[in-house]
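What follows is a short report on a single structure.
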Ligand SMILES: [Zn+2]
């Protein structure tokens, strides 16, 4: 047990306990980087000394529940990143997935290097969300075509693209 921690851990557990060991010793959880917290959470079993501080361990476990690991994109589809940009993720002939960003004004899809890294399954758009965006920009988000057919304007997506999703 670290005596340093015992000082702060009085009757009630601190809401933001500090890391008890290693390079991050003394750093409150709220200031530790995400990969480090995930590393601790994965290594409790292998390194029992990291769980000496029950408050620290419990707080990291609680943090993990509220911060589930982003799930890597496994299949094609439509996505929206944190900045609100819409992407179509598609499979290359070589087999890997890549993302193209929709330019709402032109309806063009452009390649932006590294954009797959900012997307996860959490960013996947539902069909309803695609329709909502389509109505807002007047284009089918899947192919970028302007919506002109009254039925498509109403739905916010082209009929062929709707079936593709
Ligand atoms: Zn379309």
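In the working numbering, the protein residues as written are 920 to 1084.
Backbone N, C-alpha and C fix where the C-beta goes; we use that ideal spot for every residue, glycine too.
Per-residue burial, residue i [other beta carbons within 10 Å of its own, 16 or more giving buried]
i	result
residue 937	buried
residue 962	exposed
residue 1009	exposed
residue 991	exposed
residue 972	buried
residue 922	For residue 922, the predicted model reports a pLDDT of 44, less than 50, meaning its position is unreliable; a value from the coordinates is still stated below. Exposed, because fewer than 16 other Cβ atoms sit within 10 Å of the Cβ of residue 922.
residue 945	exposed
residue 928	Any reading at residue 928 needs caution, since the residue's pLDDT is 43, under 50, leaving its predicted position unreliable; the model's value is listed next. That one is buried.
residue 989	exposed
Residue i, enclosing alpha helix (DSSP H) - first and last residue
i	result
residue 1063	Counting along the chain, residue 1063 falls outside any alpha helix (DSSP H), and DSSP gives it neither H nor E.
residue 1053	1046 to 1056
residue 960	953 to 961
residue 978	973 to 985
residue 999	Counting along the chain, residue 999 falls outside any alpha helix (DSSP H), though it belongs to the beta strand (DSSP E) covering 996 to 999.
residue 1070	1069 to 1074
residue 1078	1078 to 1083
Residue i Cβ short of 7 Å to ligand 1 heavy atom set
i	result
residue 940	no
residue 1064	yes
residue 1077	yes
residue 1005	no
residue 1059	yes
residue 1049	no
Range covered by the beta strand (DSSP E) that runs through residue i
i	result
residue 1007	1005 to 1010
residue 1029	1028 to 1030
residue 1018	1016 to 1021
Candidates the options, of which the one nearest residue i by Cα
i	options	result
residue 1035	1004, 934, 1080, 1067	1004
residue 994	985, 1014, 988, 953	1014
residue 905	953, 1047, 1059	Here the chain comprises residues numbered 920 to 1084, so residue 905 is not present and cannot be evaluated.
residue 1072	1053, 972, 1062	1053
C-beta neighbour in chain D for residue i, strict 8 Å
i	result
residue 1009	Note that chain D does not occur in the displayed structure, where there is just one protein chain.
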